[in-house]
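Below is one structure; the comments refer to it alone.
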């Protein structure tokens, strides 16, 4: 078993990575304080994993709530279904929520845990690659609003993250690719050696080769954990993890949530961030080509939809990473080193959008 | 001007109490970081104070959202109206929300500030006595759920609390009385001298005499601030501030929110907590009589509605102060000293409910 520690003082917690982890009752018991557990999952995953998970937890009052599947349901209304289930089943402040699913389930369960009675415990059991390498680690929770993604949320750290790479065997290929976008992001923003390793292993990773994938999950969690430990509330450095996200969110908002997968939008968004970095004299042409090639190899889009071209800048300005002065973007100085830039000119951004 | 400091390390903030405070532009300027302000108020208060408040803030992008009035609207849906207004007006992470209103506006604005983009600043400008002496101080924010009061919320401290006692001149008498319940609570749970002072001044306070009222607000804020500073997240001592609240919430939930005012329910709830304390050999008969007399003098109910008698215990068990073992209640050892008791027997509670 691999363990990555997220060092956040009193709120520190472990990320366990192990094939078969989902069946390890003691891993769960270690992190459940009370006698009540609420498993939150969705209608796609429930038939695959819910009974297995309940069997693990038969020493507790174990209830479950099954949500509709998809980013379109990552809303306050759906989050409220979790609260309703907790109240109907008489759960109290010492309950533990278990997020059994991908990023949508994790974000929504985490937010429900953050809000229910002003905060209860939760454990992340991410079942998609995207959630395993990114959204389940770091304590960002949120739901979407019709006018913007992740606009309503909280910082709320889980008690533990329990990752079972075997869940990737049932993951649709398109979702595997979407998760790979965040893996590539971690290499691109923080570790050029890891980026090179990914270039070398991308075909096996996409199979997926679970042994190699476990390494990628571990390395991605480490990179994320280091950054989050230094800047939990995103006062500065943590924003680097948003590489490709301001462009990506514009795509998701413009098309309507769920049209493109989040990771697909981040894939195209990273290429746009790379192109802008190159235009501003940072990333070399060769590096931009390598970035684009790896993203293509991960079967991800590299261009934003043409239909959004005219409104793209407006959509970007709606993103929450905008501060009083103008666009704040994560750019690449080189592969393995991201930087935060304030007040990037509209002209430069438009040039990249038009070239798209 | 009186200033009570809430000592919470980095999240510390001042509570200003001054007749005319609402017109002191510099008090606001001191606590607004960015260039954007969103005033959140309701349809009853907007005609009285909104223009005045906007005039104070003409150096900022000042927007306003006007919510329906009443506890029945303290819901996720109404909170979402605040988020919608923020997004429609292009507010970003450096915005400041201003809660201009009573407890409902304050709780909901605070929760919106806690959630919007995972947390932005807010300032409390409480206009009811209840909000001035209790809900605006201490960082508890929440909305109600159909199955329970304050079930969805967050701990989120304001940047400042600005209290203008002159707002009490336009407050309906029933709401003044409701606020007085929390004032009496502070005396009863923490300070017998203050309790005696209240017994002596209750007639003038109900007029309201603004000079004496300013003292009561200050003393109540001090008592609350001391307790919150020692236990921000309600791990222990802060629960003492819930004196009368488990009984009171049962009344509010049983009748439907808004039927009784929160303070009215707390008034009757304190008498029930007092009667239970007496039954368990703590509060003396004479002290129980004094408590009841002061609550009557504040024009508050001292009995729960008879119609709820049969379901009362069930309603209490739904309250969030219940832990795994049974009812946890705040009781009075004597006037001026509250204690937290776990596992109070159903039999004793039922005896008090039946005697009601």
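Protein chains in written order, with the numbering used here: chain Z, 654 to 1009; chain B, 654 to 1009. Don't be surprised by glycine CBs; every beta carbon is placed ideally from N, CA and C.
query	result
C-beta contact flag for residue 892 of chain Z and residue 993 of chain Z at 7 Å	yes
Residue 680 of chain B, DSSP secondary structure in three states	helix
Whole-angstrom distance between residue 733 of chain Z and residue 766 of chain Z, CA atom to CA atom	11 Å
Test: residue 740 of chain B CB closer than 7 Å to a CB of chain Z	yes
Segment contact, 8 Å Cβ cut-off, at least three pairs: the stretch 786-805 of chain B with the stretch 752-759 of chain B	yes
Cut-off 8 Å between Cβ atoms - residues of its own chain near residue 877 of chain B, not counting five sequence neighbours on either side	786, 787, 790, 791, 839, 894
Check whether residue 725 of chain Z and residue 911 of chain Z have beta carbons under 7 Å apart	yes
Contacting residues, own chain, Cβ-Cβ under 6 Å from residue 986 of chain B (five flanking each side not counted)	935, 992
Members of the stretch 723-736 of chain B that neighbour chain Z once the beta carbon cut-off is set at 7 Å	729, 733, 736
Cα-Cα separation between residue 947 of chain Z and residue 980 of chain Z, rounded to whole angstroms	27 Å
Under 7 Å between C-beta atoms of residue 780 of chain Z and residue 749 of chain Z	no
First through last residue of the alpha helix (DSSP H) which encompasses residue 709 of chain B	704-709
DSSP bridge partner residues for residue 667 of chain B (one or two, in chain order)	B:658
Close beta carbons around residue 660 of chain Z, own chain, < 7 Å, minus the five adjacent residues each side	882
Contacts around residue 688 of chain B, its chain only, beta-carbon distance under 7 Å, and the 5 residues preceding and following it disregarded	713, 714
Three-state secondary structure assigned by DSSP to residue 804 of chain B	strand
Residue 944 of chain B CB to nearest heavy atom of the ligand ZN below 6 Å	The ligand content of the structure shown is nil, which means the ligand ZN is not present either.
Closest residue to residue 955 of chain B among B:966, B:943, B:963, B:964 (Cα-Cα distance)	B:943
Nearest to residue 731 of chain Z (by Cα), restricted to the options Z:744, Z:904, Z:797, Z:902	Z:797
Members of the stretch 797-815 of chain Z near chain B, C-beta cut-off 7 Å	798, 800, 801, 804, 805, 806, 807, 808
CA nearest to the CA of residue 680 of chain B, picked from B:693, B:656, B:665, B:699	B:656
For residue 754 of chain B, the residue or residues it bridges with in DSSP	B:779
Residue 904 of chain B versus residue 719 of chain Z: straight-line alpha-carbon distance, rounded	32 Å
Delimiting residues of the beta strand (DSSP E) encompassing residue 883 of chain B	Here residue 883 of chain B belongs to no beta strand (DSSP E); instead the alpha helix (DSSP H) covers 863-883.
Exposure of residue 802 of chain B, with buried meaning 16 or more beta-carbon neighbours within 10 Å	buried
Rounded separation between residue 897 of chain B and residue 1009 of chain B - CA only	14 Å
is_contact[residue 994 of chain B, chain Z] using C-beta, thresh 7 Å	no
Own chain partners of residue 865 of chain B with C-beta closer than 6 Å, once the 5 adjacent residues on each side are dropped	854, 857, 858
Residue environment, residue 673 of chain B, which counts as buried when at least 16 other CB atoms sit within 10 Å	exposed
Residue-level contact to chain B via CB, residue 932 of chain Z, 7 Å cutoff	no
Separation of residue 699 of chain Z from residue 685 of chain Z, as counted between CA atoms	21 Å
Contact list for residue 869 of chain Z against chain B, beta-carbon separation under 8 Å	Within 8 Å Cβ-Cβ: nothing; residue 869 of chain Z doesn't reach chain B, min ~28 Å.
Simplified DSSP assignment, three categories, for residue 981 of chain Z	strand
Chain-ordered neighbours of residue 877 of chain B on chain Z, where CB pairs are closer than 7 Å	Per Cβ cutoff of 7 Å: no residues; residue 877 of chain B is ~17 Å from chain Z at best.
Alpha carbon of residue 692 of chain B to alpha carbon of residue 825 of chain Z, nearest angstrom	46 Å
Within chain Z, partners of residue 795 of chain B - CB distance below 7 Å	771
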